[in-house]
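So for the sequence shown, the numbering used here puts the first residue at 2; every next one is plus one.
Below is one structure, written out as structure tokens; comments come after it.
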Amino acid sequence: MKRSQLARKTPLSAHKPMQKARRKPQKAAQKDTRFRSQDYLAFVRTLPCCVCGGKANAAHHLKGIWNASGAGLKAPDSLAMPVCDGPGDTCHRRIHSEAHLRWQQAIFLIETINAGLDKYPSGPIHDALVEAQTFVVNKTKEAE
């Protein structure tokens with residue numbers, strides 16, 4: 002017995018190309034506007050270590066308080082303090098591991114910023130240090 006071909010009720014239509022998903026253009030990454038100065042960091046390294054008073058060889062950026070850093074961000078250079086660094090249990094490592102030193106960073110910063118203001122009486126470094134000093138003072142008042 003022969004079978005007849007099934008009759009279509011609707012005609013075949015040509016395949017339409019799929020619409021491409023419309024994507025919103027990505028915004029350009031924001032330029033990092035944090036204060037950066039190799040000159041100021043070199044000056045910070047000449048100051049005595051803020052923890053032990055010895056010869057500092059590193060500029061430690063504020064970390065762990067006031068949301069000044071985190072998630073791939075480094076605090077501005079105006080929020081740096083002198084510490085001794087190297088192998089072993091150094092002051093730089095102790096600031097990260099000891100809670101009392103972490104919370105003394107505000108005192109260390111004020112001392113470092115004041116020394117920087119004496120060294121740089123005018124200019125962009127001075128302006129950044131004044132802004133940093135205001136930031137630290139306001140944050141310490143909020144914490145009290």
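Heads up, the beta-carbon is just placed ideally off N, CA and C, and yes, glycines get one too.
- About 6 Å separates the Cβ atoms of Asp78 and Tyr41, confirming a contact at the 8 Å cut-off.
- Ala69 counts as buried, since at least 16 other C-beta atoms from the protein chains shown sit within 10 angstroms of its C-beta.
- Straight through space, the alpha carbons of Met19 and Gly71 are spaced by roughly 43 Å.
- Contact check for His97 and Asp86: beta-carbon distance about 11 Å, past the 8 Å limit, so the pair fails to qualify.
- Restricting attention to Gly117, Gly89, Leu13, the CA atom closest to the CA of Val45 is found in Gly117.
- DSSP places Leu74 in the strand class (E or B) of the three-state scheme.
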